[in-house]
Structure formats: structure tokens, C-alpha cells
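Mapping the sequence shown onto numbering that gives the first Met the number 0, position 39 (from 1) lands on 38, and the numbers just tick up by one.
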Amino acid sequence: MPFDFILPDLGEGITEGEIRKWLVKEGETIEEHQAIIELETDKAVVEVPSPKKGKIVKINKEEGEIVKVGEVLMTITEEGETVTERPKSVSVVGILPEEEEQILATPSIRLYAKELGVNLEIVKGTGPGGSITKEDVLKASEKTKKAEDQYGFIERVPLKGIRRTISKNLLIAQQTTVFVTIMEEADVTDLWNIREKEKKVLEEKGVHLTFLPFFIKAVQHSLIEHPYLNASIDTEKEEIIIKKYYNIGIAVNTPDGLIVTVIKNVDKKTVLDLASEIQDLSQKARDRTIKLEDMKGSSFTFSNWGHFGGTFATPVINYPDAAILGTGRISDKPWVKDGQITIRKILPLSLTFDHRITDGADAAAFLSKTVQYLEDPTLLFIESA
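Structure below.
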């Protein structure tokens, strides 16, 4: 009997995803547990397996389409079985049952329409049986352009995938938290010299040492003394949840947008451990092969935009974390040290915190303590794991 395979519950509160790529085709025989699609969720790209063996007689969703949990992805039959009792399971090319009102377009036409930003639901087909042709899509595209080009050429880009998730999460953070940003500078000249020295040694071991592991250790030690920055809030129970663990989220820039990876138990790891793990997770994030468990459970978040340029900013909290620390570009600046003006390596820091959870005095003290660790990096090695 024909079997409709619906998108299963993937856990982690995931309710929908975008079909990135079909790994199978109509008419193909598949095995149980064989991966059938690459699905991009708001967490990661996952492969969805088939629940049973059989032949694919109908694929119901296109690549690039958003599918919700519970919607039918495809129809499978056992080998040798027919689907005459399922008249709705037919190809998109040709004449469909009248009650279906499906779009008559080949996959190549659908892709062409997607590239031009044309909604096929409003296109009247002039091909055989009312099917949509390339000329129909082009004509619809020209009409859309005329309606929208009164001030010049524009391009409409669908808000989907990672960008859609970022948009949703940032809106939640803005509407939920009461955030304030304070800023400070740190003289990281000594840290710069230590990093330059250690970097050459670690490169021989295949590890690229950035400033990030040092920044993370400085933050972790400061959080021990200022626990309300390592917290979240339960508004229903009216409780502040102070985390007794130190899981630092790191914003990673990818071609699709920012992804926050999470390094667990930072207090139990050395600078070398962190450097290796950051390198590994960052690459997986860019390749979209990162696992869901590596993207959840943060207690504090760190964002480094310095290598792109810029100094201070107002980073948005990675809700429900209580705070996020951002670092800008390290630059040479005149600085007073031991009563003398000299040129030093200066790091700009921007701390955004949820004012519902902690006050400005505690946040400022936390930032000052972090600066102290960064300016005297020997403390990081003395107090580190």
C-alpha cells in the first residue's frame, strides 16, 4: 500500500526546515534509513532518512521550499506495487486531476522562476495542457519588474534559511531583553607578544592560534567573580537562573550568516584546547556540518568582528543569555604607561547585558576584571585549567 512519508519531529523545538537538496529522485528504489534529503533548519543542516524500503512514486516538495513537521515529503510503494488507487500521486507534468489545481511546470521551469523571483501560482501557462513555459515565466518577470522599477532596478531575495532564523531570533532578543551596552579599552600589547610567540609553535601542530582563546579564558575567569553575567531569567517563575557551568557561545561568520557555536566547560580547558576546538567548530559551521548539540547550551556569548574592521558596537544578546561581549579591531594607539606616552596595542570591548538580571555597576566591574586579565595575560596561565 502506498506510504506517505511526512517530515518527522526532529526535536530541539524544530518545527520546519528548508529543503536544501534532494538526495533521491522519483522512480528510484531506496533502502530503509537511506538519507533522502538535506534539510536546513534554524540550527543546522541535517540529513533526513527514509523510514522504510521502497520505490519513490511522488516527490511532493521542491528544493528551496519550506516544509513543516507533519507535511508529506514523498510517497513510497513497495516494489511491484502500483498506485492506481491513489490518483492524486501523479507527475507535475501533464494534466492533473481538476481538484488538485497544481502548478504545471517542469523542475527546470521551477528553477528558472525561482531565479527570477516569479511566483508560479500567479502565472497562466500557455503550453500543452496549460503547462507553464519559459516564455510565460519571462513575461511574468517583466511585468513584476515594471511594477517595481519606478525608482530603479531592485532584487527581491527570499528571507529564508539562516538569515530567516537570525531575523527571528534578533527580534525576540530585542523585544524580550532590557539591554544596555558599556564599552572599555584594553592594552593587549603583552598578550599580542605572547600570542605571536606561541602561534609559530602551534602552527607546527596544525593549530591556528587566534586571540579568541585568550579572550574566552579572560571572560570565564571574570564570570566566576560576577555570576549574574553567566545567567538567564525565567519570567514565568520570576527567577534568575545562575549557571554553574561556563559554556561560551562564539558567533561564527558563514556564507549564509552568523551561526553561534558553543564550547562547553571552558573552565576545564586550556588555551591550547580552546584554540583547537574553536578551529574545528568554526570550520564545521562554515561547511554546515556542525551538529545540533554543538549549537546549544550557551551561558555567555562572544562576538569578534575585529578582523572585519570596526571598533565599538552594540552587540545583540544571544537570548536567553544575560550578556554578550564583542571585540573590535586591535590597533596601535598612543597610551600612557608608567607615566610615559607610548604606542601600544589597544583592544576595544563592548559589553551588552540584560538590565533585568544585573545592574550597571556589576557589569562594569565584570568588564574591568576582564580587561585586567587581558592586560596581564600571565594571570590566565596561572589560573587556567
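Here a beta-carbon is modelled for each residue, glycine too, at the ideal position from N, C-alpha and C.
Specify the secondary structure class of residue i as computed by DSSP and reduced to three states.
i    : result
F152 : coil
I193 : helix
F210 : coil
Q174 : helix
E98  : With a pLDDT of only 39 at E98, under the threshold of 50, the placement of this residue in the model should not be trusted; the figure read from the coordinates follows. If DSSP states are grouped into helix, strand and coil, E98 belongs with coil.
N168 : helix
G69  : coil
A43  : coil
P157 : coil
A34  : strand
E120 : helix
E203 : coil
K57  : strand
L261 : Checking the sequence, you will find Val at residue 261 rather than Leu. In the structure shown, V261 sits in a strand (DSSP, three-state: E or B).
D3   : strand
D186 : strand
L25  : Here residue 25 is Glu; the residue named in the question, Leu, does not match the sequence. Note: E25 maps to coil in three-state DSSP.
P48  : strand
G16  : strand
I108 : helix
G129 : helix
Can you give the Cα-Cα distance for residue i and residue j, rounded to whole angstroms?
i    : j    : result
G53  : T40  : 26 Å
A364 : Y372 : 13 Å
G305 : K138 : 46 Å
I29  : L211 : 45 Å
G16  : Y111 : 22 Å
N317 : L169 : 8 Å
E64  : I36  : 12 Å
E61  : I18  : 7 Å
I388 : T164 : Lying before the first or after the last residue shown, residue 388 is absent from the chain, which here runs from 0 to 384.
D186 : K268 : 25 Å
E70  : I193 : 55 Å
T300 : S275 : 18 Å
I13  : A34  : 19 Å
E195 : D189 : 10 Å
K20  : L38  : 7 Å
E224 : E235 : 27 Å
G128 : R285 : 45 Å
Q282 : V206 : 13 Å
L366 : I247 : 16 Å
L228 : L208 : 27 Å
S140 : G160 : 24 Å
L115 : E183 : 47 Å
D279 : E77  : 42 Å
E27  : G10  : 29 Å
V259 : L273 : 15 Å
Could you check whether residue j and residue i sit closer than 8 Å to each other, using their CB atoms as the reference points?
i    : j    : result
L451 : L350 : Residue 451 lies beyond the range of the chain shown here (0 to 384); nothing can be said about it.
F2   : K67  : no
K242 : A230 : yes
I277 : I249 : yes
G256 : R162 : yes
V261 : K295 : yes
S298 : Y244 : yes
I131 : I108 : yes
A321 : T369 : no
V56  : E25  : yes
Return the chain-ordered list of same chain residues with a C-beta closer than 8 Å to the C-beta of residue i, the five sequence neighbours on each side being excluded.
i    : result
I340 : P333 and W334
L379 : F213, K216, A217, H220, V270 and Y372
D135 : V122, K123, G124, T125 and G126
V179 : T351, F352, H354, G359 and A362
Output needed for residue i: all residues of its chain with C-beta closer than 7 Å, excluding positions within five of it in sequence on either side, in chain order.
i    : result
K226 : The residue you asked about is not Lys; residue 226 is Pro in the sequence shown. Excluding positions up to five away in sequence, the list reads I241.
N252 : none
S330 : I345
T377 : none
T386 : Since the first residue of the chain shown is 0 and the last is 384, residue 386 is not available in this structure.
Among the residues of its own chain, which have a CB less than 6 Å from the CB of residue i, if the five just before and after it don't count?
i    : result
A43  : I289 and L291
A172 : V315, I316 and Y318
E202 : none
I102 : L119
V117 : V136, A139 and S140
Y150 : none
Confirm the yes/no value for this check: CB of residue i, any heavy atom of the ligand SAH, distance under 7 Å.
i    : result
S231 : This structure does not include the ligand SAH; it has no bound ligands of any sort.
Using beta carbons (cut-off 8 Å, strictly below), is residue i in contact with chain D?
i   : result
E46 : This model lacks chain D altogether, as it is built from one protein chain only.
4-residue-minimum alpha helix (DSSP H) runs that sit fully inside the stretch 264-303, ordered along the chain: Complete alpha helix (DSSP H) runs here, min 4: 270-286.
- prompt: Unbroken beta strand (DSSP E) runs of length 3 or more, entirely within the stretch 216-250: which are they?
  reply: You should have 230-233 and 238-241.
- request: Starting from the N-terminal side, write out each stretch of the alpha helix (DSSP H) that is 4 residues or longer and does not extend beyond the stretch 291-375.
  value: Taking only runs of at least 4 residues, the alpha helix (DSSP H) segments lying wholly in the stretch 291-375 are 359-374.
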